[in-house]
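Here the structure comes first, spelled out in structure tokens, and everything after it is commentary.
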Amino acid sequence: MSLCCFSSSTAAAAAARRFLLPHLFLGRRRHRHDQVRYTILHHPRTHTTAAPPAAAASTIRLSPSQQRQVSLYVDALLDWNQRLTRPLVAAPVFFSGAQRMNLTAVTDEGEVMTRHVADSLAVLPPLERAYRGDLGGMRLVDVGSGAGLPGLILAVARPSWKFTLLESMQKRCLFLEHAVEVMGLSNVDVVCDRAENVGQSPDFREAFDVAVARAVAELKVLAAMATTTSPLVVVLLAVVAAIAVSPVQPAFALPAGLPDIKSLTNPWSAFKNLSGCHFGDERQGLGKLKDYLWHFGYLSYPSSSSLSPSFNDLFDADMELAIKMYQGNFGLDVTGDLDAATVSQMMAPRCGVADVVNGTSTMGGGGGVRGRGLYSYFPGSPRWPRSRTTLRYAITATSQTSIDRATLSKVFASAFARWSAATTLNFTEAASAADADITIGFYGGDHGDGEAFDGPLGTLAHAFSPTNGRLHLDASEAWVAGGDVTRASSNAAVDLESVAVHEIGHILGLGHSSAVDSIMFPTLTSRTKKVNLATDDVAGIQGLYGNNPNFKGVTPPATSSREMDSAGAGELSRPWRRLLDGAAGLLVGLSLAWL
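Per UniProt numbering, residue 1 is the first one in the sequence shown, and the count goes up by one each step.
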């Protein structure tokens with residue numbers, strides 16, 4: 001259902017710009033053939049399966065300057081389509097009758113606003129719900145961009161994202177370049193080539209976090225186009241499709257038979273094949289997942305095992321209980337089944353410290369003993385002696401890393417400073433490990449402490465409780481110790497300082513937290529930076545060591561708002577609010593599927 005309150009008159013179109021854009025209800029219109037309009041293909045590190053309602057209205061706010069950019073786009077589009085006698089923007093030199101071609105069938109300004117602009121913005125809510133990485137560093141490719149929909153509109157709404165418009169037709173590329181210039185967009189590149197060719201180029205192969213396509217091809221063809229035929233994204237693990245809203249069936253299942261896609265090298269990537277398993281099932285691979293649950297404390301040794309446990313592939317009662325505890329710790333629906341959300345969480349790179357000790361969860365909020373906050377301590381609440389207000393740390397000479405010592409010193413100094421800012425503790429780097437209370441090393445595989453590393457994007461690091469002082473990092477990770485990890489060329493890149501801050505929390509006595517925004521949350525996706533202590537982290541560490549009298553409060557991690565607040569956009573007047581509230585808006589039907 002469209003927003004039928006705006007007619008096709010010029011005044012109505014202006015009203016649509018003025019009132020629809022600042023407070024736009026987004027979603028999916030009912031189209032004649034009920035075709036799939038949007039497809040979002042993204043990397044597994046960003047995946048979430050918390051499905052939104054089948055039909056929902058979301059709000060996107062654009063600032064006055066963003067509204068102006070959208071207006072410039074609409075003017076340029078209509079100038080091209082209709083060769084207006086009094087264009088509102090200067091026509092480009094290539095704008096001639098011989099080269100003119102319609103970019104869209106819609107020629108009415110009001111319809112462009114509701115049918116194309118609103119439809120393009122409708123992709124943002126499901127995309128931002130699905131994406132777990134740093135939204136500020138999003139790299140998005142619009143495959144078969146055509147008239148720049150949805151890419152140019154999304155580029156206006158999310159200026160911190162980087163967009164590549166991929167289009168094979170030269171005439172359309174000329175329009176896209178003109179529109180980018182007219183709109184004043186600095187976050188958009190236009191590439192004039194076919195997806196099959198571009199995806200084979202080293203500059204573009206697996207270079208994007210998200211591939212968006214609008215009215216380009218069937219879903220099955222798009223899946224292959226973005227992953228196998230021309231691998232613009234690393235892997236297709238989940239598909240989010242905005243589809244036609246039906247009064248009878250508000251959301252439809254996605255088509256079957258999507259291509260089989262290989263995952264990133266990850267010791268837990270095979271878990272995706274176990275999605276849907278539940279009590280009583282027997283499937284190859286469940287034994288490996290049981291080993292995962294055992295490693296992090298959720299399962300005990302099999303009664304007949306020796307020092308090396310061997311688990312069978314039967315989904316038994318013990319496994320069901322273990323999964324329920326895991327789901328509780330991570331804030332998932334406690335079903336005891338291996339639903340898609342649980343499997344996705346289990347595949348995420350994480351800290352090697354156990355979440356459960358001797359059958360008791362140490363994660364606050366997940367069944368632990370804490371009555372306040374979500375932070376936790378190791379059993380017995382060990383801490384460094386009160387007489388030791390300054391702790392010395394050193395990077396071991398045997399560390400297996402190519403990162404230079406000066407860079408490492410800078411990263412760890414910054415990581416320790418985040419904890420000293422909130423507590424009475426001070427930290428200083430020692431000349432050698434022999435003089436240090438805390439030793440830091442990079443190691444691969446089995447390195448002698450009984451906690452072998454498992455390769456890239458599995459267990460990233462581990463540390464020991466006070467006053468052991470050992471902090472070990474997996475040497476096989478693609479560590480980023482300088483620069484912006486969100487813009488790293490490798491999709492397996494891991495931010496060193498983010499992991500260091502977490503492991504130092506363990507060194508000081510903190511266990512894991514169920515608070516997703518906390519430093520002590522067990523998992524960290526690749527190409528994500530998370531270094532600022534959350535309120536939960538501060539409360540936990542101050543419970544052990546007291547408050548730094550100079551501490552000014554918590555600087556929360558950067559978060560990306562799904563609303564673009566603006567000066568002057570503000571609230572709608574009551575008559576317009578009643579009008580828009582009364583309209584059904586453009587509803588989004590959503591369906592999530594795991595391959």
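For glycine and all other residues, C-beta sits at the position ideal for the given N, C-alpha and C. A quick note: this is a predicted structure, and the numbers were derived from the prediction, not measured.
Beta carbon of Leu-460 nearer than 8 angstroms to that of Cys-351: yes
Rounded straight-line distance, which links the Cα of Tyr-393 to that of Leu-41: Residue placement at Leu-41 is poorly supported in this model, since its pLDDT is 38, which falls under 50; the coordinates still yield a value, given next. In a straight line, the C-alpha of Leu-41 is about 44 angstroms away from that of Tyr-393.
For Ala-515 and Leu-286, believed in contact at Cβ under 8 angstroms, the rounded distance: Not confirmed; about 30 angstroms, so no contact.
Three CB pairs or more closer than 8 angstroms across the stretch 473-491 and the stretch 437-449: yes
Integer-rounded CB distance, given that Asn-550 should sit under 8 angstroms from Thr-424: No, Thr-424 and Asn-550 are not in contact; Cβ-Cβ is about 10 angstroms, not under 8 angstroms.
Sheet register partners of Tyr-443 (DSSP bridge): Asp-474
Among Pro-150, Leu-154, Trp-161, nearest to Arg-139 - alpha-carbon criterion: Trp-161
Span of the alpha helix (DSSP H), counted from its first residue to its last, around His-167: The identity of residue 167 in the sequence shown is Glu, whereas the question assumes His. Here Glu-167 belongs to no alpha helix (DSSP H); instead the beta strand (DSSP E) covers 162-167.
Cβ neighbour criterion (16 or more within 10 Å) applied to Ala-417: exposed
Helix, strand or coil at Tyr-326 [DSSP, three-state]: helix
Alpha-carbon spacing of Ser-526 relative to Leu-457, whole angstroms: 8 angstroms
For His-462: DSSP bridge partner residues: His-472
Ala-397, buried or exposed, once every other Cβ within 10 Å from all chains shown has been counted against 16: exposed
Three-state secondary structure assigned by DSSP to Ala-118: helix
Inter-stretch contact at 8 angstroms, needing at least 3 Cβ pairs: the stretch 207-216 / the stretch 172-186: no
Three CB pairs or more closer than 8 angstroms across the stretch 109-119 and the stretch 60-79: yes
Residues near Ser-414 in its chain [Cβ-Cβ closer than 8 angstroms; skip 5 each side]: Glu-497, Val-531
Given Met-363 as reference, the closest of Ala-430, Asp-316, His-512, Ile-403 once Cα atoms are compared: His-512
For Leu-174, the first and last residue of its enclosing alpha helix (DSSP H): 170-183
Proximity to Phe-296 [Cα-Cα], best of Leu-62, Asn-358, Phe-412: Asn-358
C-beta atoms of Phe-311 and Lys-324 nearer than 8 angstroms: no
Residue burial classification, Glu-167 (beta-carbon count within 10 angstroms, cutoff 16): buried
Pairwise C-alpha distance: Arg-388 and Asp-437: 10 angstroms
Where Tyr-292 falls: helix, strand or coil (DSSP): helix
Contacting residues, own chain, Cβ-Cβ under 7 angstroms from Trp-268 (five flanking each side not counted): Tyr-292, Met-346, Met-347, Gly-458
Pair within 8 angstroms by beta-carbon distance, Pro-522 and Pro-466: no
Local conformation of Val-212 per DSSP, three classes: strand
Phe-315 in three-state terms, based on DSSP: coil
Outcome for Gly-144 when other beta-carbon atoms lying within 10 angstroms are tallied against a minimum of 16: buried
Cut-off 6 angstroms between Cβ atoms - residues of its own chain near Phe-204, not counting five sequence neighbours on either side: Val-198
Residue range of the unbroken alpha helix (DSSP H) whose run includes Phe-416: 405-420
Those residues which DSSP pairs with Leu-510 across a bridge: Tyr-377
Distance between Asp-517 and Asp-536 (C-alpha atoms, nearest Å): 9 angstroms
Nearest-angstrom Cα separation, counted from Val-411 out to residue 597: Nothing in the structure corresponds to residue 597, since the chain is present only between 1 and 595.
Identity of the residue in Ala-270, Trp-479, Ala-354 nearest Ser-490 by Cα: Trp-479
Whole-angstrom distance between Ala-493 and Ile-243, CA atom to CA atom: Note that Ile-243 scores a pLDDT of 35, beneath 50, so its modelled location is shaky; the value from the coordinates is reported in the next line. Their Cα atoms are separated by approximately 34 angstroms.
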